[in-house]
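Reading through the structure tokens given below for one structure.
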Amino acid sequence: MDQVTLYLDTARAYTRLVALVRPEDWQRPALGVWDVRALVGHTTRALTTVVDYLAVPEPEEGADVLTAPEYFAAFAASPDKAAADDAVAARGHAAGVELGHDPAARTVELTGEVARALDGLPVQRLVATRFGHLRLEEYLRTRTFELVVHGLDLTRALDLPGVLPSPAVAGALELATQTAVASGHGPQVLAALTGRAPLPPGFGVL
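What follows is the structure, encoded as structure tokens:
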């Protein structure tokens, strides 16, 4: 399955999860400082950032081009990581508010918008991000990762029965382990996955 199809399939599966959120659930705690609305708002940025980045002219060739693991590793190693995490949290709250009175319907609309933005685009198109340029298919790997990880956060927060595409879950797991390697934590993660040694409390690749 190509990355565009996988990304859009995952986005549509995520909209089906959001449709299961009941009106009384939106203010329930979900993840860290986020309630359910903020978590869903943050996750929809995996859709809106693609639309926004594709709305500007393609950057010129010549700069270093990052892979998805290198992009995530750069974020994890940024010297202002704490400030960046705070900014992510704030954008999640703001995005949740922007979903309006019917977040589920708005999520469906955003999925349609990103599908139209991607229609016919070459996957080798360059995308400019804060940490450097990525090919579109590599950037979509990071957005699929966000949809999967936070989709699972939503199912845990509300005990939802929704299912995300297995290829998307496999891709997210692959990207997480590749990011661990790019960040110098590959041996630790491999030892944990094979039952050799637990990871330290609070360990994360992002």
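So that you can map any letter, position 115 of the sequence shown is 115 in the UniProt record's numbering, and since no number is skipped, the others follow by simple counting. Each residue gets a CB set at the ideal place from its N, CA and C atoms; glycine is no exception.
Check	Outcome
Limits of the unbroken beta strand (DSSP E) element including PRO29	29-31
Contacting residues, own chain, Cβ-Cβ under 8 Å from THR44 (five flanking each side not counted)	ALA95, LEU99, ARG106, THR107 and LEU110
Check whether GLY92 and GLY41 have beta carbons under 8 Å apart	yes
Endpoints, alpha helix (DSSP H) assigned at VAL205	Element bounds for VAL205: n/a, residue is neither H nor E.
HIS185 - containing beta strand (DSSP E), residue span	From DSSP, HIS185 is part of no beta strand (DSSP E); its letter is neither H nor E.
Residues of its chain near ARG125, where Cβ-Cβ distance is below 6 Å and the 5 sequence neighbours each way are ignored	GLU58 and LEU136
N- and C-terminal bounds of the beta strand (DSSP E) containing HIS133	132-135
Distance, ARG143 Cα to VAL127 Cα	13 Å
Bridge partner(s) assigned by DSSP for PRO66	Here residue 66 is Leu; the residue named in the question, Pro, does not match the sequence. The partner list for LEU66 (beta bridge, DSSP) reads LEU134.
Contacting residues, own chain, Cβ-Cβ under 7 Å from ALA180 (five flanking each side not counted)	GLY186, VAL189 and VAL205
Secondary structure of VAL21, DSSP reduced to three states	coil
Neighbourhood of ALA115 by C-beta distance below 6 Å, restricted to the same chain and skipping five residues each side	LEU8
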